[in-house]
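For the sequence shown, our numbering begins at 591 and goes up steadily by one.
Cβ atoms here follow ideal geometry from the backbone N, Cα and C, with glycine treated the same way.
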Amino acid sequence: MNTAAIARRLVDLCRQQHWEKAQRELYATDAVSIEPEETPTTPKETRGLENIVNKGRQFVAMVETMHALEVSEPLVAGQTFACTMSLDVTFKGQPRMQMAELCVYVVKDGRIVSEQFH
Numbered sequence: 591m592n593t594a595a596i597a598r599r600l601v602d603l604c605r606q607q608h609w610e611k612a613q614r615e616l617y618a619t620d621a622v623s624i625e626p627e628e629t630p631t632t633p634k635e636t637r638g639l640e641n642i643v644n645k646g647r648q649f650v651a652m653v654e655t656m657h658a659l660e661v662s663e664p665l666v667a668g669q670t671f672a673c674t675m676s677l678d679v680t681f682k683g684q685p686r687m688q689m690a691e692l693c694v695y696v697v698k699d700g701r702i703v704s705e706q707f708h
């Protein structure tokens, strides 16, 4: 799969909230995930597919209600692509909130090797 095809597939799976399926299907086993900052529940950097999958499971477990999710069409340049993700979400024990991120991905040998959220 080329970068554009991977980008389209990732966006499609994210829109369906199939996070783990996207990771297992599209990510390299040694992929890295980089957050804007470290939090008590999420490290700044997560290495390895299994650790990224576990990070995603922890995120899903914190969600009480996903009111809305929007993922933009991907913008592809060479082996890199980006999209925006906007969430209207209520986390357990927290008030409802709006979140927006720019998500940047790097592809190598037909797999996502890096994701970084801004």
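- Counting C-beta pairs with one atom in each stretch, the segment 595-611 and the segment 693-701 have three or more that are closer than 8 Å, which means they touch.
- Residue range R686 to K698 is occupied by the beta strand (DSSP E) that includes Q688, with no alpha helix (DSSP H) assigned at that position.
- Fully enclosed beta strand (DSSP E) runs of no fewer than 3 residues occupy 617-624, 635-637, 653-661 and 665-667 of the segment 609-678, in order along the chain.
- The Cβ atoms of M652 and K611 do not sit closer than 8 Å to each other.
- Here the alpha carbons of I624 and P630 stand approximately 15 Å from one another.
- A direct Cα-to-Cα measurement between M687 and E660 gives close to 14 Å.
- Taking T674 as the centre and dropping the five residues before and after it, the same chain places the C-beta of S662 and L692 closer than 6 Å to its C-beta, in chain order.
- A direct Cα-to-Cα measurement between V679 and A667 gives close to 30 Å.
- 8 Å or more divides the Cβ of H708 from the Cβ of P633.
- A check of alpha carbon separations from S704 across S676, T670 and P685 identifies T670 as the nearest.
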